[in-house]
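As structure tokens, the structure follows; a few thoughts come after it.
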Amino acid sequence: MQTITTPQQAASNVAPSAENRIIARVVLQIWGGRKGNDAVYDCEKEIDVTDTILLLDHDVVIELQDSFDNTDEIGHKHVNHSGPLEVYVTASICQFFNVARVEDITLAAFEEARRVVNPKPPEFIRTIVEMEVTAKVLPGGDRATALENLSIEVSSPSENVIVTRAARMKPSGDRALVLVAADPSLPRFMQLMALSNAISIDDGALLTDWTRSAWIGEPMNEVLRFAWTDGELDYSAVLTEEGIETGQFDDNGRFFVHDSEGTLLFVRFFKVEPIGPSNLRSLH
């Protein structure tokens, strides 16, 4: 198996193949025993941790120890597991670098490995997933309260895909404002046009008024104000310049907005469809 030892070695010595990877053996455990505080063997997984190892600092790598906190942390980066685990990876690291001990890995060899392999950091994605919830309501149960207090827990069984956060979305005014974009091929800074027959609220309420200061685009100077009614109450929403800058479209054309801290502020659903000019509502 080809390995890396010095920066003078040719880049071809690191072949992009399964043979030249750092593989960790992850032993998953569950809490058990009479008091529930014993780590009981569950199963094992072999995980490719090459990129994770090479993205660490050199002084961290040479301190790695099997079944230790610093290697357990590597396991949690790759496996969805809430219980204890043990990671055995130092032998594979030594084999990768052709050394007897991890502390024998030189900085030059480590930097060459990083240059050749070009490890990629994890990509953080944020998406909206629609879920159907079935609940059993016993006599005396309050459906409205149950929905208001609904909490969720999301995990993924897929290796190398870790769910870091899941939250229930609460649209502005507890309603999701639906807009129709002028052109589905437009980029994120979509030039929105209101439609008298296409803007609605999720419960069928109707848009009654809207104003805008400028088209969405560069520079970002747009402030959108919407007002709508459900026949009994009036509602309003404001999409500010900051909101537009931090908003994102998902694969289904839905737009959601976070503040500078990453907190979900509100959600607006954009139904992306081509439209004709005959349906356009005039600008105020």
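Be aware that the sequence shown starts at 9, since it is given in this note's numbering, and climbs by one per residue.
Ideal Cβ positions, reconstructed from N, Cα and C, are used throughout, including at glycine.
Should N28 be labelled buried (16 or more other beta-carbon atoms within 10 Å of its own) or exposed? N28 is buried by the Cβ-count criterion.
Around the Cβ of L72, are there at least 16 other Cβ atoms within 10 angstroms (buried) or fewer (exposed)? Answer is buried; the Cβ neighbour count reaches 16.
G83 classed as buried or exposed, judged by whether at least 16 other C-beta atoms fall within 10 angstroms: In the assembly as shown, G83 is a buried residue. Its beta-carbon has 16 or more other beta-carbons within 10 Å.
From T153 to V171, what does the alpha carbon distance come to, in whole angstroms? Whole-angstrom Cα-Cα distance: 27 angstroms.
Alpha carbon to alpha carbon, how far is N88 from D67? Give it in angstroms, no decimals. Those two C-alpha atoms are separated by around 27 angstroms.
Hey, would you say P127 sits closer than 8 angstroms to T58, going by beta carbons? Against a cut-off of 8 angstroms, the Cβ pair of T58 and P127 comes out as a contact.
Among residues of its own chain, excluding the 5 on either side of P92, which ones have a beta-carbon nearer than 6 angstroms to its beta-carbon? The answer, listed in chain order, is Q37, A47.
State the start and end residues of the unbroken alpha helix (DSSP H) segment that holds V69. That run of the alpha helix (DSSP H) goes 66-69.
So what's L185 in DSSP terms, helix, strand or just coil? Caution is warranted here: a pLDDT of 38 is assigned to L185, below 50, making its placement in the model unreliable, and the coordinate value is therefore given only provisionally. Secondary structure at L185: strand, using DSSP grouped into helix, strand and coil.
C-alpha gap between E52 and I101, whole angstroms: Each residue's alpha carbon lies about 19 angstroms from the other.
Helix, strand or coil, according to DSSP, for L93 in the structure here? Of the three classes helix, strand and coil, the one that applies to L93 here is strand, per DSSP.
Just to confirm, are L62 and A121 a CB contact at a threshold of 8 angstroms? Cβ distance < 8 angstroms, so L62 and A121 count as in contact.
Secondary structure, alpha helix (DSSP H): runs of 4+ residues fully inside the stretch 108-165: Taking only runs of at least 4 residues, the alpha helix (DSSP H) segments lying wholly in the stretch 108-165 are 115-125, 151-156.
Taking the DSSP output, what are the residues bridged to R29? None; R29 has no bridge partner.
By DSSP's criteria, Q37 is part of a beta bridge. Which residues make up the other side? Secondary-structure assignment with DSSP links Q37 through a beta bridge to Y49.
Taking W39 as the reference, which of V95, S90, I55 has the closest Cα? Closest by alpha carbon: S90.
Contact belief for V95 with D74 at Cβ below 8 angstroms, rounded distance in angstroms: Rounded, the Cβ-Cβ distance is 7 angstroms, consistent with contact.
Using only the alpha-carbon positions, how far apart do F76 and V145 sit? Just so you know, the alpha carbons of F76 and V145 end up roughly 47 angstroms apart.
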